Structure formats: structure tokens, C-alpha cells
Amino acid sequence: MASREIAQYPSASRRVFGVVTILFIAFYLLWTLLPLLIMFLSSFKDLLDAFQLPATGDWGGVATLFTFEPTTKHYENLFLELNFGTYLGNSLIASLGSAGISVVLGSMAAYSLSRLDFRGKNHLFFWIISTRMAPVVAVLVPLYAIFRSLDLIGTLPGLILAYTTFNLPFAIWILKGFFDNVPYAIEEASMCDGSTRLQALRMILPLVAPGIGAFLVLCVLFGWNDYLFSSIIGSGGAKTLPPATIGLVQPQNIQWGSIMAAGAVTTVPMLFLGVLIRRYLVAGLTMGAVRE
Amino acid sequence: MVEVNIQNVWKYYGKTVAVKELNLKCPENSFLAILGPSGCGKSSTLRMLAGLEHISAGDIFFGDLRVNQLPPKERDIAMVFENYALYPHKTVFENMANPLRLRNVNREEIDKRVRRAAELLQIEMLLDRKPMQLSGGQKQRTAIGRAIVREPKVFLFDEPIAHLDAKLRAHMRGELKHLQRRLETTTIYVTHDQLEAMSMADNIAVMHEGVLQQFGTPSEIYNHPANEWVAGFVGEPPMNFLNCRLERGADGVVAVHPSFRLALTDAQRRLLEEKGAEAEVRLGVRPDTIAYRAGAGSGLGIAAKVFVTEPLGGDMIVEVQLGADRITVKTKIGPSANLDEPCTIAFDAARIHLFAASNGIAYF
Ligand SMILES: Nc1ncnc2c1ncn2[C@@H]1O[C@H](COP(=O)(O)OP(=O)(O)OP(=O)(O)O)[C@@H](O)[C@H]1O
Ligand SMILES: [Mg+2]
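Same order as they appear, the protein sequences are chains C and G. Residue numbering for the first sequence follows my numbering, starting at 1 and increasing by one per position. Residue numbering for the second sequence follows my numbering, starting at 1001 and increasing by one per position.
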């Protein structure tokens, strides 16, 4: 089998392309990281410091952005006065719960769709993915009506169910692709070695694990970043971080400091999650290597 | 360790028929080769034996046990796949250890058996590698290793050495045959390579387009092919076929070709009469039973012209133009000849085959 080192030969256009690539990456990093940096810095600044901005074009004044007395009062305000601890917990439970359920059910469905042939399989598969074609707002009202009659409004199970409704079809669709990528012969070999069907499935799980892991993160992100469901279906007992943050914008008084702190609280866990599973995310993208 | 008995087995894939009414028996502890060209239903048959493929109709017995409804696990078979089917995330050692782990064999025993198999297959130094880092031949040997670490009731091999280089293939032929003799395990071996089938098997089943053409020992298949198709498939270089007419005279039966007349033996005449032979026949003659001499009037009965000579070291293949037909002759090495140089050839009447022109069934 060929190694994965690609042979490269120097040429003028390749050098120019290299420079352009570096410039582009630098610009892209600035574009994406600067807002985050400002958010983190501002969350530790007093309101007065936060609005000490250099004049346009005054590059020397950039230093003023970094001269301030750090304070944690915004965070104290969030967690001690505004109940953000509860909202953080709600966010975690709702997004992780839904992601877990979606991935477990989704893997099972994807496995059967990938491995078994039955009548109407293609129709079933299309129907599953077509449920994702309607925009969220279109189904929100009927969903609300159903949830209300089931007393699920404002509860965490209700929110988890709502997220799962949207995560599951997507999970089935994506995960089927991962299972399709694993040759069936591997399971056949395992069954000839003396395993049951279920043990054979366990044998190929490590091969789809990177895909499942990567998708788990996508599901968590969907729930974590959701505003619409949480503000309507979760309103009341199951408020999560995004609606809670919006709540800080009051007509009289926009609490910039707290909003920045809330932004940081919302961002940091996902950053950690990203770093934690980075290996899997990358591996998930190189699934093709499994093929013999 | 069991007799394998295939009774009236059919295999359909949707509307395509892959195996037609197959009846086959592999005696206990013997080596059966299923031989046929690509797409003849060999793998389908093997996969039905393994329990990987639904049996459309008919029954398969292992001894007295009807296995139609048994999953692979309960059939106690070991199979080597055409495309290796190794576990890509496991090392060679773990690949080979897997069947033993599934049977809860203890660690020392696993280690011992895997190493012994690896040694036999000459892959000891690869035990820590992953399949990705192996060459095709090494993968194939790992796949064989995974099958031979335990002692199943039946070995199923699907072209296990097809992808090896010629030298290693010859070596593995010997090793596998030796292994089968030593383990005394019923073995069913699928191949499209007649050399493998002839050299390794106790019995050969020749298949063509899903239909069993002939079942017999290698010598039966080679010396008494049941029909023209088997005769043409088995043997290298392949048998020559010539359209002839049978003429019955006072002194016996003669096969008449535009270029020659060949008197048949008495035994052959009797066989033809017994079977009520038609006048139109196909004469089959193996390249190595034809005598050949270069030069015009060189003494053998039939005058012909050389088309091309192909020296093979000790032997030589000569393609000879005989009227409108071209036949292949295998002879001892001699001087090369150019196109259209004259030569003479002779057939050994006792070693020819005759087939009905209408359906290809052999008379003898
Ligand atoms: N899963 C399948 N679906 C439909 N047709 C199939 C399937 N598997 C095999 N066939 C068909 O059945 C016939 C026999 O296939 P099989 O794989 O048994 O051939 P084979 O003798 O093993 O050939 P080869 O030497 O190329 O491996 C072929 O015509 C093939 O096209
Ligand atoms: Mg095959």
C-alpha cells in the first residue's frame, strides 16, 4: 500500500501559493479570534475600561485595550445573582442528553439501514432525512401544541426530546455513511471466526467510532447553541444559556459586562470539548483509510 | 472431521441464478476443490456453506446435521476470504488471535498457536503490524493464519493464494496441502486455477455458469473429461478441438478431417456404438499427445505448416496450421521455425477424445 507522504516538487507557482496561503490563514485567524479575544478581555473589565477604545487608525493605542484592572464582578453577578449556574446545568443536560440519545438510536438505525435490505428501505431513508428539510420555525408551533398537551413545556425532557427530533434524522443520515464505509466482509470474517452478529458489530465499532465521536460533537453543538427551541419550549423551567444571555439585554440597561461574561461561559466548555475530541474529529474525516 | 453434503442447492440473487441444482459431496477429511472460471458461482457456493449467504433452495448437511438455518458461528467453520477481510484496526497478531479469543482460549495457548501459524506462513516478523502496512501477499497469509489457528470442522478457502507471486504460490500450495493432510480437516477450496485444483485436491468439482460439469479425482477430470467444456478448461496448454465426421468402413471407424483420416481403436468403436454416436463429432486432442517434426516429408502422417514456435526452456509450444484449423502442440525443445515452414504431425488414436458436436457430451 502507498504511504501517505505526498511527493512535492518545488516550483515558482508553488512558492507564491505558499505565501498566499499563509496570508490567508493569518487574516482568517484575526477574523475569527479577535472577537473572542475582545469578549474574554471585556468580561474581566469594568464597564468604564471596556469602553476605553483607541481612535480609528491609532495603532499605538492598541495598548489601551490591554491596560485595565481585572475584575471578576461580572462572573460573580452571573452566578450569584442571576442563576446562571442553573442555566449552565440546563444547557449541559439538554445538549448532552439529546446528543447521547441521538447517537445511540442513530447508530442502531444507521447500522440496520446500512447492512440490511428490506422492502421500502429507500423510501424510509428518504422520509427520515426529509424531516430535516422543513425549517425549524415551521414545525415549532405544532410541536409547541403537542408538547403543551403532554405537559412537556418548560421541562428538560421536553427540551431533550425537541433537540432529538432534529438531531436524530441527521445522525442516521451521517452515521449510515460511516457504516457504509466499513466493508461488510469484516463482519462476515468476524462471524466466521465465531462471533454473533452483535459481536461482529462490536468488532467494527472502533472503525466507526471516530465518525460517531465527531457527530456526537455536532449534536452537542446543536443543542448548546440553540436559542429558538429553548426560548419557546424550554421557557420557564428549562431555560438554557442563550435565552438567559439575551435576557441580559434590558430596554433601560444593557449589561455589557455580564453579556461578555455569559458569552465566555457559553464558549469555554465547547472550546474544551473541541480540544478534547480534536483527535477524533480529524480521524473522523480520514475514515476512508479504513478501506482495504 | 465431517462429511459435507450439498443437495439440490440453488442460489438466486434477485433474478440472476448463480448456482443451479448443485449436488456435491465432500467426504470426511478430504480436500475438495471447486474449480471454474470467474463468475461461475464458486464463491456463492462457499458462502452458502459458511452461512453468510441464504440458501435459495436445497439443503446442506455437515455430517447428519442440516445447517441451512445455522449462523456461521454454530457451523464451526474457518474461512479465508477472496479479499482478505482483515480487521484493519488490529495487528496481525490480534487478527489471527481473534477466533481463539472468541472461544476463550487462554493467553499462553493463543500466543503459542498464533506464533506457530505465523511461522508456518513466514509472517513471524509482521505480527505487530497493521494490515495497512502489509503487502497483498502478506495480507493473504495473515488471512490464512486466522483460519488455521484453530481446528474447525471444515476449512473454506476462497482463492486464498490467488494474489501471491508465482514462487510463493507454489510454496503455499505445498504448505496448504501438507497442512490439510496433517490436520485431517474437511477442506473445500475454491479456485479458478486448475493447477491448484489438480495438485492439491482429492476431488475436483468443475463448475461452469452455476452448473456442476463434472465431479471426480484430478486424474478422472484430466483423463476422462465429461464434456467438451471441462476438457477445454482443464489442462495447460488447453486441449485442441477439431470438427470431424465419423465414417464407418469395413475395417472399423475413421474420424475424417479435411486434412487427415484417423482410424479409431476397437475399444473406441465399441464405446461409440454403445452410446449411439452421431456422425458429426468434435475431436479433442491434448497438445502433449501430438507428435511433431519440422521439415517437409519429415515422416509423420499429417502434413501441416508452422504458425509460430514458442520455446519454453526445456519444452516448446508449436502452433500448427492444419488446413483451416490451428492447433497447439507441445514438444521437446527444438530449433525455432518460421511462419509457413512445412512440418508433419501425428495423433495417437488411443489418447484422443471424441465429443458429440451437438451438445459437447464426451463419448470417451
Ligand atoms: N451479491 C450479489 N448480487 C447479485 N449478483 C451476484 C452477487 N454475488 C454474485 N453475484 C452473481 O452471481 C454469479 C456468481 O458469482 P460468484 O461470486 O459466486 O462467482 P465466482 O465463481 O466466485 O467468481 P470469481 O472467480 O470472479 O470470484 C455471478 O454472475 C455474479 O455476478
Ligand atoms: Mg469468487
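Beta carbons: idealized from backbone N, C-alpha and C, even for Gly. Just so you know, these numbers come straight off a predicted model, no measurement behind them.
When DSSP builds the beta bridges, which residues end up paired with residue i?
i, result
"Gln1140 of chain G", "Bridge partners of Gln1140 of chain G: none, in fact."
"Phe84 of chain C", "Its beta-bridge partners do not exist; DSSP assigns none."
"Glu1247 of chain G", "G:Val1254"
"Glu1280 of chain G", "G:Arg1245"
"Asn1005 of chain G", "G:Lys1025 and G:Phe1061"
"Ile1317 of chain G", "G:Glu1310 and G:Lys1330"
"Leu1010 of chain G", "Per the sequence shown, residue 1010 of chain G should be read as Trp rather than Leu. G:Ala1057, per the DSSP bridge assignment."
"Ile153 of chain C", "Bridge partners of Ile153 of chain C: none, in fact."
"Val1190 of chain G", "G:Ile1034 and G:Asp1158"
"Cys1343 of chain G", "G:Ala1294 and G:Ala1304"
"His1353 of chain G", "G:Gly1284"
"Val1206 of chain G", "G:Leu1035 and G:Gln1214"
"Asp1325 of chain G", "G:Leu1322"
"Thr1016 of chain G", "G:Tyr1013"
"Asn1240 of chain G", "G:Val1285"
"Asn1227 of chain G", "G:Ile1361"
"Val249 of chain C", "C:Ile254"
"Phe1260 of chain G", "G:His1257"
"Met1079 of chain G", "G:Leu1156"
Which same chain residues, not among the five before or five after residue i, have their C-beta less than 8 Å away from its C-beta?
i, result
"Val1017 of chain G", "Trp1010, Lys1011 and Gly1210"
"Leu41 of chain C", "Leu65, Phe66 and Phe68"
"Ala1205 of chain G", "Leu1024, Leu1032, Ala1033, Ile1034, Leu1035, Leu1212, Gln1214 and Phe1215"
"Ala1050 of chain G", "Pro1072, Arg1075, Ile1077, Met1079 and Leu1156"
"Pro1335 of chain G", "Ala1294"
"Ile232 of chain C", "Leu140 and Tyr144"
"Ser1401 of chain G", "Nothing in the structure corresponds to residue 1401 of chain G, since chain G is present only between 1001 and 1364."
Alpha carbon to alpha carbon, how far is residue j from residue i? Give it in angstroms, no decimals.
i, j, result
"Val1308 of chain G", "Ala1291 of chain G", "16 Å"
"Thr71 of chain C", "Leu140 of chain C", "41 Å"
"Leu88 of chain C", "Ser98 of chain C", "15 Å"
"Pro1037 of chain G", "Met1200 of chain G", "18 Å"
"Pro210 of chain C", "Ile22 of chain C", "29 Å"
"Asn1104 of chain G", "Pro1152 of chain G", "15 Å"
"Leu37 of chain C", "Thr240 of chain C", "24 Å"
"Arg1282 of chain G", "Asn1227 of chain G", "11 Å"
"Ser91 of chain C", "Val249 of chain C", "20 Å"
"Ser190 of chain C", "Ala262 of chain C", "50 Å"
"Gly1174 of chain G", "Tyr9 of chain C", "47 Å"
"Met1 of chain C", "Pro1258 of chain G", "Annotation note: pLDDT 43 at Met1 of chain C (below 50); position unreliable, coordinate value reported separately. Cα-Cα distance, rounded: 56 Å."
"Asn1098 of chain G", "Arg119 of chain C", "35 Å"
"Leu197 of chain C", "His1089 of chain G", "A small fix is needed here, since residue 197 of chain C is Arg in this sequence, not Leu. Taking the straight line from one Cα to the other gives about 19 Å."
"Arg1146 of chain G", "Trp224 of chain C", "47 Å"
"Cys192 of chain C", "Asp1128 of chain G", "23 Å"
"Leu1070 of chain G", "Phe166 of chain C", "40 Å"
"Met1096 of chain G", "Val1149 of chain G", "7 Å"
"Lys1305 of chain G", "Asp1340 of chain G", "5 Å"
"Gln1418 of chain G", "Ala1166 of chain G", "Here chain G has residues from 1001 to 1364 only, and residue 1418 of chain G is not among them."
Starting from the C-beta of residue i, find all residues in its chain whose C-beta is less than 7 Å away, skip the five residues before and the five after it, and write them out in chain order.
i, result
"Leu1164 of chain G", "Gly1137, Gln1140 and Met1172"
"Thr1289 of chain G", "Asp1348 and Arg1351"
"Gln1268 of chain G", "Phe1364"
"Tyr184 of chain C", "Arg115"
"Ile204 of chain C", "Val182, Ile186 and Glu187"
"Glu1310 of chain G", "Met1316 and Ile1317"
"Ala1263 of chain G", "Gly1252, Val1254 and Ala1349"
"Arg1293 of chain G", "Gly1299, Leu1300, Cys1343 and Thr1344"
"Tyr111 of chain C", "Phe179 and Leu201"
"Gln1321 of chain G", "Ala1304, Lys1305 and Phe1307"
"Ser1044 of chain G", "Lys1011, Ala1018, Val1019 and Glu1053"
"Leu96 of chain C", "Val220"
"Leu152 of chain C", "Gly158 and Leu161"
"Ile129 of chain C", "Pro169 and Trp173"
So, at 6 Å on beta carbons, what are the nonlocal neighbours of residue i in its own chain, with the 5 sequence-adjacent residues on each side left out?
i, result
"Met1198 of chain G", "Pro1218"
"Val1067 of chain G", "Ile1060 and Arg1075"
"Gly1232 of chain G", "Pro1238 and Met1239"
"Arg1047 of chain G", "Glu1053"
"Ile101 of chain C", "Thr164"
"Gln255 of chain C", "Leu248"
Is residue i a contact residue of ligand 3, with contact defined as CB to any heavy atom under 7 Å?
i, result
"Ala1018 of chain G", "Absence of ligand 3 is noted for the structure shown, with ligand 1 and ligand 2 being the only ligands found."
Problem - Contact residues within the stretch 199 to 213 of chain C, judged by C-beta distance below 9 Å to chain G - result: So the list reads Gln199, Met203, Ile204, Pro206 and Leu207, given in the order they occur along the chain.
Practice task
Mind checking the stretch 168 to 195 of chain C against chain G and listing, in chain order, the residues whose C-beta falls within less than 8 Å of any C-beta there?
Solution key: Under the 8 Å Cβ criterion, the stretch 168 to 195 of chain C contributes Pro183, Ala185, Ile186, Glu188, Ala189, Ser190, Met191, Cys192, Asp193, Gly194 and Ser195.
Handout entry: Within 7 Å of ligand 2: residues by beta-carbon to any heavy atom
Key = After applying the 7 Å Cβ criterion, the set is G:Lys1042, G:Ser1043, G:Glu1082, G:Asp1158, G:Glu1159 and G:Val1190.
Problem - Residues in the stretch 1084 to 1114 of chain G having any Cβ partner in chain C nearer than 8 Å - result: Taking 8 Å as the Cβ-Cβ cut-off against chain C, the residues of the stretch 1084 to 1114 of chain G that qualify are Tyr1084, Ala1085, Leu1086, Tyr1087, Pro1088, His1089, Asn1098, Pro1099, Leu1102 and Arg1103.
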